[in-house]
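S.K.:
What follows is the structure, encoded as C-alpha cells:
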C-alpha cells in the first residue's frame, strides 16, 4: 500500500468509528519527518481511544505496526499513532482546538478525501 493510500485507509477507519473533521495534510514539502498527517476529532476521551484502537488493529491486519501503542487509560485528549511516513493525530475536540495543528502546518497541502470515505 503506498503512503497516500495508507493515509486514506486511516481516514476511512476513523470515519467508520464516527471521527469528525477528518483531514489529511501532505507534509512532504513542509516536513522532514513524515509524508502525511491524518488529523481527526472524537467527542469524548473514550471515542478518541476507540478510534485509535480501531486504526491500529486495522493496519496490524495488513502487517503495518505503529511505533506507538494506544493506552486504554489515556486521558490526555490527544493520541498519536506513528506509522513512520504517516502520523495519525486523534484529538478530543477541545484539545484539537487548543493545538490547532491545521493552523500550525497551514503551508501543507490538504489531500482530497473521496466522498465514499468523507461521508
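In my numbering, the protein residues as written are 10 to 128.
A virtual CB, placed ideally from N, CA and C, is assigned to each residue, including glycine.
(1) Please report the straight-line C-alpha distance between residue 14 and residue 76, rounded to a whole angstrom.
(2) Compute the distance between the beta-carbons of residue 26 and residue 50, then report whether it is under 8 Å.
(3) Measuring straight from C-alpha to C-alpha, what distance separates residue 66 and residue 108?
(4) Among 94, 121, 117, whose alpha-carbon lies nearest the alpha-carbon of residue 10?
(5) Helix, strand or coil for residue 15 per DSSP?
(6) Using a Cβ-Cβ cut-off of 8 Å (strictly less than) and excluding sequence neighbours within five positions of residue 12, which residues of its own chain qualify?
(7) Taking just the CA atoms, how far does residue 17 sit from residue 72?
(8) For residue 103, I'd like the list of residues in its chain whose CB is within less than 8 Å of its CB, leaving aside the five on either flank, ordered along the chain.
(9) Could you give the uninterrupted runs of the beta strand (DSSP E) lying entirely in the segment 74 to 115, keeping only those of 3 residues or more?
(10) Whole angstroms is fine: what's the gap from residue 54's alpha carbon to residue 22's?
M.R.: Checking against the coordinates, here is how it stands:
(1) For residue 14 and residue 76, the distance between alpha carbons rounds to 19 Å.
(2) It is not a contact, given that the beta carbons lie outside the stated cut-off.
(3) The straight-line gap separating the alpha-carbon atoms of residue 66 and residue 108 is approximately 26 Å.
(4) Measuring from the Cα of residue 10, the nearest candidate turns out to be 94.
(5) DSSP, read as helix, strand or coil, puts residue 15 in helix.
(6) Contacts found: 44, 45, 94, 95.
(7) Taking the straight line from one Cα to the other gives about 17 Å.
(8) Apart from sequence neighbours up to five positions away, the residues of its chain that approach residue 103 with a beta-carbon distance below 8 Å are 86, ordered along the chain.
(9) Within the segment 74 to 115, the complete beta strand (DSSP E) runs of at least 3 residues fall at 87 to 91, 95 to 101.
(10) The alpha-carbon separation between residue 54 and residue 22 amounts to approximately 17 Å.
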